[in-house]
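Novice:
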Amino acid sequence: MWRRGFCAGRRIYSTGIYLGGTSLAATVLVQEKDDRVDGVDVLSKARHITGPLDKTGLKPRLYQYQACPFCCKVRAFLDYYGFDYHLIEVNPLSRRELKFAPGQKKVPVATCSCLDKPLTESSLIISIFSTFLQRKELSIKDVVGLYPPLTQVEARSGKEVQTFPNKYFIMLEKDYKWNSEIQAAREEREWREWVDNHFIHIISPAIYRTMQESIETFIWFSKAGHWEDIFNFVERQSAIVVGAVAMYFVSKSLKKKHNIDDARKAMEESLNKWMAALGTSRTFMGGREPNLADIALYGAIQSFVGLDCFEEMKKKTDIEKWYNPMDKLVKERYGSKYLKNRC
Numbered sequence: 001m002w003r004r005g006f007c008a009g010r011r012i013y014s015t016g017i018y019l020g021g022t023s024l025a026a027t028v029l030v031q032e033k034d035d036r037v038d039g040v041d042v043l044s045k046a047r048h049i050t051g052p053l054d055k056t057g058l059k060p061r062l063y064q065y066q067a068c069p070f071c072c073k074v075r076a077f078l079d080y081y082g083f084d085y086h087l088i089e090v091n092p093l094s095r096r097e098l099k100f101a102p103g104q105k106k107v108p109v110a111t112c113s114c115l116d117k118p119l120t121e122s123s124l125i126i127s128i129f130s131t132f133l134q135r136k137e138l139s140i141k142d143v144v145g146l147y148p149p150l151t152q153v154e155a156r157s158g159k160e161v162q163t164f165p166n167k168y169f170i171m172l173e174k175d176y177k178w179n180s181e182i183q184a185a186r187e188e189r190e191w192r193e194w195v196d197n198h199f200i201h202i203i204s205p206a207i208y209r210t211m212q213e214s215i216e217t218f219i220w221f222s223k224a225g226h227w228e229d230i231f232n233f234v235e236r237q238s239a240i241v242v243g244a245v246a247m248y249f250v251s252k253s254l255k256k257k258h259n260i261d262d263a264r265k266a267m268e269e270s271l272n273k274w275m276a277a278l279g280t281s282r283t284f285m286g287g288r289e290p291n292l293a294d295i296a297l298y299g300a301i302q303s304f305v306g307l308d309c310f311e312e313m314k315k316k317t318d319i320e321k322w323y324n325p326m327d328k329l330v331k332e333r334y335g336s337k338y339l340k341n342r343c
C-alpha cells in the first residue's frame, strides 16, 4: 500500500520526502560501525528511543515511514517491551536509507547489531523478537532460523515471491500443555492476521476520502512529526502535496479492491467486532495483559490517532474502553519486565 502510493508520488515530484508523525524522542545523529548488515560508514539521522532495561545488545534499528500502519505495529511492540532502539525515516522516493538491502522496496525493515541480513515484514519482525524474548537459550540468529522462507512463483507475473508461512507463530521450546493455552495462541494468531489482512486495508480509504481531507491529513502529519525541524519549506510543502495526492489515489484503489462502500462505517463495524470478541470479562485480547493481537491493533490505530477519523470512532464505538488502558501500558513500557528477564 505505502510503496505503491509513493511510487505514484515519484511521478509527480522527484525530490526526496519523509513521512512524519508523532515521535518519542528528538532527532540525533548516529554513527556506528559493527558487524551488522547496515553497519557501514554512513551518517544517518535517527531518533533514539531509550530503553534503560534493555541489556540484550541487539541495538535494533527500525527503517520506517512514521505514518505507515505496518511500521506503527513494530514501534508499538518495541515500545511496549521497552527495547532501546533507533528509528530511521526512509525517503519514500529515493529509498537511499535502504541501500544496504538491494531490491528491498517496502518498510518496515529492522536490523540488529549481530545480524548479517535485514528483517522484513512487520508481523515476522514482531514474531522473531517475541520468540527471542521467550527463548533465553537462543541467540537472535538462532531465532531467525526458526522462520524459514518459502519461495514460490506467482501465477500471474511468473516472478518468484518469498513468504514466511509461520510468521504469526511464536516458536516455543515446548508445546502447550493445556487446551486453553492452545486456544489462546490460535486466537492471538487469528486476530493478528485480521489486523494485517482486514483492518489495515480500511485505514487509507477512511482517512483519505477526499483530496481536501488528504491534504488536511498530511498537514497534520507535518505538525505532529515536526517536519519544520527536518525539512526546508519547499521540501515540507512538497511532502504534503505529493503524499496527499498519492495516498488519495491509493485509498481509491484499496476501496475498490476490497469492495469497501463506506470506509468509516467499515472501520466502525471492525472495531465493534473487536470489542465484541473481547466481551465483558477481558480488558485485553490477551486477558489481563495485552498479547500480540492487542499490540498489532493498537499499532495500526496509531497511524491515524489525532485525525478526525479516530475521534469519530471514539464517539461511535466503545473502543476507548480497550484503547485507553492499552495506550497507558505502552507508554509505561509495561512489557519491559519481560525484556529485563531476557537480559
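Count the sequence shown with the numbering used here and you get residues 1 to 343, in order.
Built from N, CA and C at the ideal position, the CB exists for glycine as well.
Helix, strand or coil: which one does DSSP assign to V42?
Specialist: Caution is warranted here: a pLDDT of 45 is assigned to V42, below 50, making its placement in the model unreliable, and the coordinate value is therefore given only provisionally. The answer is coil: DSSP assigns V42 none of H, G, I, E or B.
Novice: Can you tell me the Cα-Cα spacing of R186 and S222, whole angstroms?
Specialist: So the two alpha carbons sit approximately 39 Å from each other.
Novice: Where does A155 land, buried or exposed, given buried means 16+ other C-beta within 10 angstroms?
Specialist: Exposed is the call here.
Novice: Run the CB neighbour count on K257, radius 10 Å, all protein chains shown included, and call it buried at 16 or more, exposed below.
Specialist: Exposed, by the Cβ-count rule.
Novice: Taking the beta carbon of Q31 as the centre, do at least 16 other beta carbons fall within 10 Å, making it buried, or is it exposed?
Specialist: Because the pLDDT at Q31 is just 39, under 50, the model does not fix this residue reliably, and the value given afterwards should be weighed accordingly. Result: exposed.
Novice: For a test of the three-state rule: what should DSSP assign to V161, helix, strand or coil?
Specialist: The answer is strand: DSSP assigns V161 an E or B state.
Novice: To which residues of the same chain is L146 closer than 7 Å at the C-beta, ignoring the five residues directly before and after it?
Specialist: So the qualifying residues of the chain are T131, M171.
Novice: Three Cβ pairs or more, each shorter than 8 Å: is that satisfied between the segment 312-325 and the segment 44-60?
Specialist: As far as the Cβ criterion goes, the segment 312-325 does not touch the segment 44-60, which means the pair count is below three.
Novice: Have a look at E268 and L329 and give me their C-alpha separation to the nearest angstrom.
Specialist: So the alpha carbons of these two residues sit roughly 24 Å apart.
Novice: What's the C-alpha gap between T217 and D142?
Specialist: Computed Cα separation, rounded: 42 Å.
Novice: Quick one: Cα of P325 to Cα of E160, how far?
Specialist: Their Cα atoms are separated by approximately 43 Å.
Novice: Consult DSSP for G299 and reduce its assignment to one of helix, strand or coil.
Specialist: G299 falls in the helix class under three-state DSSP.
Novice: Which partner residues does G287 have in the DSSP bridge list?
Specialist: DSSP output for G287 lists F284 as bridge partner(s).
Novice: Give me the Cβ distance between I126 and F77, rounded to the nearest whole Å; I'm assuming they're in contact under 8 Å.
Specialist: The pair is a contact, with the Cβ atoms about 5 Å apart (cut-off 8 Å).
Novice: Can you look up M326 in the DSSP assignment and give me helix, strand or coil?
Specialist: The answer is helix: DSSP assigns M326 an H, G or I state.
Novice: Starting from the C-beta of S251, find all residues in its chain whose C-beta is less than 6 Å away, skip the five residues before and the five after it, and write them out in chain order.
Specialist: Cβ neighbours of S251 beyond the five flanking positions: S204, P205, Y208.
Novice: Quick one: using the 10 Å Cβ neighbour count with 16 as the cut-off for buried, is M211 buried or exposed?
Specialist: With fewer than 16 other Cβ atoms within 10 Å, it is exposed.
Novice: Would you decide whether N291 is buried or exposed? Buried here means 16 or more other CB atoms lie within 10 Å of its CB.
Specialist: It counts as buried.
Novice: Per DSSP, T48 is paired with what?
Specialist: Before going further, note that residue 48 is His rather than Thr in the sequence given. H86, per the DSSP bridge assignment.
Novice: Distance, Cα to Cα, V144 vs F233?
Specialist: C-alpha separation (whole angstroms): 43 Å.
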